[in-house]
Each structure stands twice: as C-alpha cells, then as structure tokens.
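Note sheet for the following structure.
Protein chains: 2
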Amino acid sequence: MRRDIFQAIADPTRRAIIALIAVQAMTPNAIAEHFDTTRQAVSKHLKILSECDLIKQEQQGREIYYLLEIEKMKEIDKWLEQFRKIWETRFEQLDQLLATLKKNK
Amino acid sequence: MRRDIFQAIADPTRRAIIALIAVQAMTPNAIAEHFDTTRQAVSKHLKILSECDLIKQEQQGREIYYLLEIEKMKEIDKWLEQFRKIWETRFEQLDQLLATLKKNK
DNA sequence: ATTTTGCGAAACCAATTGGTTGCGCGTATA
DNA sequence: TATACGCGCAACCAATTGGTTTCGCAAAAT
Numbered sequence: 001m002r003r004d005i006f007q008a009i010a011d012p013t014r015r016a017i018i019a020l021i022a023v024q025a026m027t028p029n030a031i032a033e034h035f036d037t038t039r040q041a042v043s044k045h046l047k048i049l050s051e052c053d054l055i056k057q058e059q060q061g062r063e064i065y066y067l068l069e070i071e072k073m074k075e076i077d078k079w080l081e082q083f084r085k086i087w088e089t090r091f092e093q094l095d096q097l098l099a100t101l102k103k104n105k
Numbered sequence: 001m002r003r004d005i006f007q008a009i010a011d012p013t014r015r016a017i018i019a020l021i022a023v024q025a026m027t028p029n030a031i032a033e034h035f036d037t038t039r040q041a042v043s044k045h046l047k048i049l050s051e052c053d054l055i056k057q058e059q060q061g062r063e064i065y066y067l068l069e070i071e072k073m074k075e076i077d078k079w080l081e082q083f084r085k086i087w088e089t090r091f092e093q094l095d096q097l098l099a100t101l102k103k104n105k
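First to last, the sequence lines map onto chains D and V.
Under the UniProt record's numbering, the letters of the first sequence match residues 1 to 105, in that order.
Under the UniProt record's numbering, the letters of the second sequence match residues 1 to 105, in that order.
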C-alpha cells in the first residue's frame, strides 16, 4: 500500500515513538517498555515509519537502534506552509481592522 | 471512535479537500466535482473533518457551505514545534562545524 | 557446543476504513 | 400543489488497521 508521512503520524503511538527517538535512538524493546504494548506491535509501527523514511536503523553490536530522520519531518512543515500564509494574512487583516477602528475613534 | 486532526489529514483526499475549501467555502457537490469520487464519499470525509473541528458549516439558502477552521490547523504546527527546535539546533551545530573547519584550514 | 537473548516475519483476529447503492427528508422551482 | 434537486443517513462490501501469539534466525553468553 502507498504510505506517506501523514499516514505515519496519524497514530498516537507512532507520534509518541517519534517524539521518543527524536531525543535518543532506541531499540524496539526499549521503546516497547515505554508504552503498554508488546515488542511486536512496536516493530510493526517501526516498519511503517521505515517505509516512509521517517526513521532509520543503526546496528550497534547485536542491537539495532532506531533514530529519527528529522529532515523528513520538514515535509509536514512544508505542507503547512500554504496554510501558514493564510493565517498570517488573516492576522494582518485583523491588525489592520484594529488599526482602522483606533484611528476612527 | 477517537478522532484527531492527525487522523484527519492522513488521507490525501481529505488534505485536498482542506486545501480546496481553505481558498473558498464550498458545498459537498462542488467539492465532489473536483475529484473522481461521489458526493456521499465526500460527505463522509466532511463528517470526519467536522468531528475534529477542522471545518464548520454555514447554511446559505438551501445549500450548506463548508469552510476551513484555519485556527485548528495551528495545532499541527504546534506539535511540529518540538521537532523544529531539534532541526534548528542541528543546523546551528552544522554551522559551527563548518566554521571550525574553516578556521582550522 | 549449548543456551539464552533480541529481533523480525507470518498467521490470525477484531475493529475500522473508503467506497458504493438506495432511501427519505426538506427546500426551491415550475 | 407537484416536481426536481441537494442533502444526510443506513446498509452493505472489500480492504486495511492495530494488536496478539507463534515461529525461526542470528548473535552473544555460558
């Protein structure tokens, strides 16, 4: 199936995982210990996150550490850009309205 | 079921709908005409978007116009904030690294 | 060499999803 | 009043989801 970042962050557990490994790379087991779920379930989430390149793995002895591809997160920011323009425009309009009201008083 | 904005924007059709009505409020039929889907399917998407307060409706004669609650979009931006801090820090670190390399040359 | 451990893949289940079709209600238009 | 249209709801289907349990593999520890 087609996966993208927005699918990936739709799940609260995955958002938590992202926030977790953003601070420090971790193994699937370590991640699972932070939530009330099993290692396999975490593994499934990690797979989804991997599929859309939001995380990458790093071998360390016999353990595999997962870490966040922070660059990929910027794509969400990029998508938000179009709306940021809108709400900034609205703010300016509100600002102008207030200025006009003040002037006419 | 529990719904949130991240669930809402997970679907590409819904993101398209959001972008569409961000520019101009529209009726379900008008929205459906922009995509290769039926009015009922659009209606379902609108329901989901409504459930998490991303859009609101406005009666206009016998038609109902849907418009974006741009303020709600800021919540995504708010969530991104924690990661923005990270990538800005990394950028600074890269900047410092480059400066050090230059200095040592 | 044997045991233990961590890991991912596969099979399976219950719940949710997007989509369709069909129905009934309310509002304009004739 | 009668007709046509736009809308949302309910029922249904195929596909996907998150979760569990089970299994086999490979690396470390004994």
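Every residue gets a Cβ at the ideal spot worked out from N, C-alpha and C, and that includes glycine.
In chain order, E58, Y65, Y66 and L67 place their CB closer than 7 Å to the CB of A25 of chain V, counting only its own chain and leaving out the 5 sequence neighbours on each side. In summary, the residues of the region 74–91 of chain V whose CB is separated from some CB of chain D by less than 8 Å are K74, I76, D77, W79, L80, Q82, F83, R84, I86, W87 and R90, in the order they occur in the chain. Excluding sequence positions up to five before and after I21 of chain D, its CB lies within less than 8 Å of the CB of I31, I55, Y66, L67 and L68, all in the same chain and listed in chain order. Taking a beta-carbon distance threshold of 8 Å, Q7 of chain V counts as an interface residue toward chain D. Between the region 73–83 of chain V and the region 29–46 of chain V there are fewer than three C-beta pairs closer than 8 Å, too few to call the two in contact. Secondary structure of Q59 of chain D (DSSP, three-state): strand.
A Cβ-Cβ contact shorter than 8 Å links D53 of chain V with K72 of chain V.
Looking at D:D36, D:T27, D:A8 and D:A19, the one whose alpha-carbon comes closest to that of E63 of chain D is D:T27. Among the CB atoms of chain V, one or more fall inside 8 Å of the CB of R15 of chain D. Assignment of L54 of chain V by DSSP, reduced to helix, strand and coil, places it in the coil class. Less than 8 Å separates the beta-carbon of I76 of chain V from that of I5 of chain V. In this structure, the CA atom of R90 of chain V is about 43 Å from the CA atom of T100 of chain D. If you draw a straight line from the Cα of V23 of chain V to the Cα of L98 of chain V, it comes to about 42 Å.
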